[in-house]
Amino acid sequence: MSLVSSNSTISSRRHFLAQGAFGISTLGLASLLKEEQLLAAPDKPELEAQTYDLLPKKTDHPARAKSMISIFCGGGPSHLDLFDRKPILDEYAGKRFPGDGIKYDNAGQATSIIMPSPNTFKKCGESGMEINVEMLPHFAEIVDDVTLIRSMQLPNIRNHVAGMRAMTTGRGREGWPSLGSWLTYGLGSETQNLPAFVAITIPKNPVGSPYWDSRQLPSIYQGTVVSKNEPRIANLNPITQLKGKPQGHQLDLLKELNQIHLERHPGEHDLSARIASYELAARMQTAASEALDLSKETKSTQELYGADDPVTKEFADACILARRFVERGVRFVQIWNYGWDMHENIFEYLKRRCDASDKPCAALVTDLKNRGLLDSTVVQWGGEMGRLPVIQDRGAGKKPGRDHNTEGFSIWMAGGGIKEGHIYGATDDFGHRAVEDVMTQHDFHATLLNQFGLKHKDLHYTHNTQPVALVEPGQGNVATGILK
0 MSLVSSNSTI SSRRHFLAQG AFGISTLGLA SLLKEEQLLA APDKPELEAQ TYDLLPKKTD
60 HPARAKSMIS IFCGGGPSHL DLFDRKPILD EYAGKRFPGD GIKYDNAGQA TSIIMPSPNT
120 FKKCGESGME INVEMLPHFA EIVDDVTLIR SMQLPNIRNH VAGMRAMTTG RGREGWPSLG
180 SWLTYGLGSE TQNLPAFVAI TIPKNPVGSP YWDSRQLPSI YQGTVVSKNE PRIANLNPIT
240 QLKGKPQGHQ LDLLKELNQI HLERHPGEHD LSARIASYEL AARMQTAASE ALDLSKETKS
300 TQELYGADDP VTKEFADACI LARRFVERGV RFVQIWNYGW DMHENIFEYL KRRCDASDKP
360 CAALVTDLKN RGLLDSTVVQ WGGEMGRLPV IQDRGAGKKP GRDHNTEGFS IWMAGGGIKE
420 GHIYGATDDF GHRAVEDVMT QHDFHATLLN QFGLKHKDLH YTHNTQPVAL VEPGQGNVAT
480 GILK
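Its first residue numbered 0, the sequence shown is counted upward by one per residue in numbering that gives the first Met the number 0.
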């Protein structure tokens with residue numbers, strides 16, 4: 000990359016960041032530079048200087064959680080076929096839904112014919128939580144560690160992108176900071192060698208991405224993507240031609256050019272003129288590479304997660320990575336798995352998804368618990384919607400599926416001060432609408448912030464003179480019923 004233009008002027012900061020001279024994640028590097036006070040000072044200092052960094056910050060009240068792993072199953076896992084058995088569906092099988100007001104996303108393929116779940120539900124654990132044991136045999140073994148929320152609801156939202164936005168940013172509209180960004184903005188990070196916020200995508204980014212954007216918040220709070228394929232983190236390492244001594248030589252050249260720039264523009268503290276030590280970048284290269292190295296895991300751990308089985312390996316690797324990140328001080332890890340949208344042949348497709356994910360997700364809770372990390376780590380599993388109790392007909396020769404249902408669906412949570420072996424809320428007799436202890440995305444976020452020692456009414460950021468918040472004013476209540 001040329002740092003000097005044809006008229007011999009040094010390129011702008013934006014050009015420098017866009018090109019990424021060192022091959023280092025600019026977000027992670029920005030954090031390290033801030034820690035060492037190497038970021039540029041503003042040309043016109045404000046009366047009260049604002050600083051943005053990832054150093055640990057004080058909480059509003061004692062925190063129960065220090066980190067979070069969110070397993071986001073985008074597309075809408077069917078609560079009726081996994082977590083929320085409704086015996087009346089067997090009674091009404093093949094008959095018309097007796098109520099009214101079903102809100103379809105795809106009215107053209109909608110029917111009002113009831114379809115029960117064909118699988119076996121059993122009461123599991125000491126809590127007696129009723130679960131589909133054919134689909135979720137491993138989750139059935141950890142029910143006494145989780146709270147199952149059966150009353151999630153996203154008012155006035157029907158589709159996936161809006162739903163995923165609501166669950167991650169608080170709003171169905173595009174353009175707002177994510178939950179992970181808010182947590183790192185409010186709390187900082189316990190590590191200065193790794194990103195504070197990590198998004199792991201399997202097998203690829205969900206529709207409507209990115210859901211890990213910091214938006215109005217400073218970019219230092221944006222999530223760093225870890226992908227399935229190499230390079231797991233983009234631009235983490237320099238290209239082959241720059242490894243070792245060449246990278247050092249390039250940094251020396253950059254330092255020299257920056258000095259020329261300072262002499263020509265005295266008093267201007269541009270970011271490119273403030274990079275004084277490539278050891279900081281090397282520190283992140285080493286820490287991230289070590290965290291991503293799953294060969295360090297024992298055989299027994301890999302077997303626990305199912306990393307030795309082709310069916311579960313992809314999900315297992317993601318869950319192991321999530322645990323490795325949080326035990327190294329990363330604040331928020333989100334695993335994205337978009338593939339749970341089952342408008343047809345739902346029972347076959349659902350079995351495939353559960354076969355691939357059930358064991359790794361249950362193992363994550365077990366592993367965190369065994370390592371003494373579950374008490375301080377919130378684990379959350381779920382999507383942006385459930386499915387309707389009636390058949391969706393995709394046409395001749397197609398096996399039936401279920402349409403979207405945001406009126407009532409299930410997620411589960413564990414750790415970080417969340418109750419164990421507990422069921423919270425309920426849907427109606429047909430599993431259509433949440434009717435007891437309804438939890439919206441606003442309540443969900445307010446509760447999470449509370450567990451991290453933050454008050455949702457006070458967590459905000461001023462952007463263009465306007466306040467921005469995860470939980471909008473007048474929205475959201477802490478769901479004390481799921482807390483210890």
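In this text, a Cβ means the ideal position worked out from N, Cα and C, and glycines have one as well.
>> So, with DSSP's three-state summary, where would you put A317?
In response: In the structure shown, A317 sits in a helix (DSSP, three-state: H, G or I).
>> Under 8 Å: do the stretch 294 to 305 and the stretch 159 to 168 share three or more Cβ pairs, one atom per stretch?
In response: The stretch 294 to 305 and the stretch 159 to 168 do not touch, with fewer than 3 CB-CB distances between them shorter than 8 Å.
>> Just to confirm the assignment, what range does the alpha helix (DSSP H) spanning H441 have?
In response: Where H441 is concerned, the enclosing alpha helix (DSSP H) stretches over Q440 to Q450.
> Which partner residues does P465 have in the DSSP bridge list?
Replying inline: Per the sequence shown, residue 465 should be read as Gln rather than Pro. According to DSSP, which records beta bridges pairwise, Q465 is partnered with H462.
> Buried or exposed: which applies to N192, given that a residue is buried once 16 or more other Cβ atoms fall within 10 Å of its Cβ?
Replying inline: So N192 ends up on the buried side.
> What are the boundary residues of the alpha helix (DSSP H) that C360 is part of?
Replying inline: For C360, the uninterrupted alpha helix (DSSP H) segment begins and ends at I345 to N369.
>> Relative to the C-alpha of D485, which candidate in P115, L135, L88 and V145 has its C-alpha closest?
In response: The displayed coordinates of the chain run from 0 to 483. Any statement about residue 485 would go beyond what the structure contains.
>> How far does the beta strand (DSSP E) with K122 in it extend, from its first residue to its last?
In response: Unbroken beta strand (DSSP E) run through K122: F120 to C123.
> Going by beta carbon distance, what residues of the same chain come within less than 7 Å of W175, once the five residues before and after it are set aside?
Replying inline: Spatial neighbours of W175 in its own chain (CB-CB distance under 7 Å, excluding positions within 5 residues in sequence) are listed in chain order as T168, G169 and R214.
>> Between the alpha carbons of I201 and G124, how many angstroms are there, rounded?
In response: Each residue's Cα considered, the two are about 30 Å apart.
> A425 by DSSP, collapsed to three states: which one?
Replying inline: DSSP places A425 in the strand class (E or B) of the three-state scheme.
> Between the Cα of Y348 and the Cα atoms of P76, K57 and V132, which residue gives the shortest distance?
Replying inline: Checking every option, the nearest Cα to that of Y348 belongs to P76.
> Given G381, which residues of its chain have a CB within under 6 Å of its CB, disregarding the five upstream and five downstream residues?
Replying inline: I410, listed in sequence order.
> Do the stretch 129 to 143 and the stretch 349 to 359 make contact, defined as three or more Cβ pairs closer than 8 Å?
Replying inline: The stretch 129 to 143 vs the stretch 349 to 359: in contact.
> Given a threshold of 16 other Cβ atoms within 10 Å of its Cβ, counted over all protein chains shown, does P388 qualify as buried or as exposed?
Replying inline: Buried.
> Which of the three DSSP states, helix, strand or coil, is assigned to W339?
Replying inline: DSSP places W339 outside both helix and strand once states are collapsed to three, so it counts as coil.
> Along the chain, where does the alpha helix (DSSP H) that runs through E90 open and close?
Replying inline: For E90, the enclosing alpha helix (DSSP H) starts and ends at I87 to E90.
> How is the alpha helix (DSSP H) around G185 delimited, first residue to last?
Replying inline: Unbroken alpha helix (DSSP H) run through G185: L178 to L186.
>> Going by the DSSP bridge assignment, what does G381 pair with across the sheet?
In response: DSSP output for G381 lists F71 as bridge partner(s).
> Considering only the beta carbon of each residue, do Y460 and V470 sit closer than 8 Å?
Replying inline: No, the pair does not count as a contact, with Cβ atoms beyond the cut-off.
>> DSSP has M128 in a bridge; who is on the other side?
In response: DSSP, once it has assigned bridges, lists C123 as partnering M128.
> Which of helix, strand or coil does DSSP assign to S294?
Replying inline: Note: S294 maps to helix in three-state DSSP.
> Helix, strand or coil: how does DSSP classify G400 here?
Replying inline: For G400, the three-state secondary structure derived from DSSP is strand.
>> According to DSSP, R95 sits in a beta bridge with which residue or residues?
In response: I112, per the DSSP bridge assignment.
> With a CB to CB cut of under 7 Å and the five nearest residues on each side skipped, what residues in its chain are close to A48?
Replying inline: In this prediction, A48 scores a pLDDT of 46, lower than 50, which makes its location untrustworthy; the coordinate-derived value is nonetheless stated afterwards. Residues of the same chain with a CB within less than 7 Å of the CB of A48, apart from the 5 flanking positions on each side, do not exist.
> Looking at the unbroken beta strand (DSSP E) that takes in T58, where does it start and where does it end?
Replying inline: For T58, there is no enclosing beta strand (DSSP E), as DSSP gives it neither H nor E.
> Shortest alpha-carbon distance to E289 belongs to which of K312, K244, N236 and F451?
Replying inline: From the listed residues K312, K244, N236 and F451, the smallest Cα separation to E289 is found for N236.
>> Can you list, in chain order, the residues of its chain with a C-beta nearer than 6 Å to that of K483? Leave out the 5 residues immediately preceding and following it.
In response: Listed in chain order, the non-local C-beta contacts of K483 below 6 Å within the same chain comprise G416 and K418, local neighbours out to five positions each way being set aside.
> Residues bridged to W175 by DSSP?
Replying inline: DSSP, once it has assigned bridges, lists no residue as partnering W175.
>> To the nearest angstrom, how far is the alpha carbon of G475 from that of A109?
In response: Each residue's Cα considered, the two are about 33 Å apart.
> Taking the alpha-carbon positions, what's the Q333 to Q284 distance?
Replying inline: For Q333 and Q284, the distance between alpha carbons rounds to 21 Å.
> Does the distance from the C-beta atom of G400 to that of L79 stay below 8 Å?
Replying inline: No; because the gap between Cβ atoms is not below 8 Å, this pair is not in contact.
>> Within 10 Å of its beta-carbon, does P359 have 16 or more other beta-carbons around it, so buried, or fewer, so exposed?
In response: Buried.
>> DSSP three-state label for E133, please.
In response: Residue state for E133 is assigned as coil, using DSSP reduced to three classes.
> What number of angstroms, rounded off, separates the C-alpha of V206 from the C-alpha of R393?
Replying inline: Straight-line measurement puts the Cα of R393 at about 22 Å from the Cα of V206.
> Roughly how many angstroms lie between the CA atoms of M114 and P86, to the nearest whole one?
Replying inline: The straight-line gap from Cα to Cα measures roughly 11 Å.
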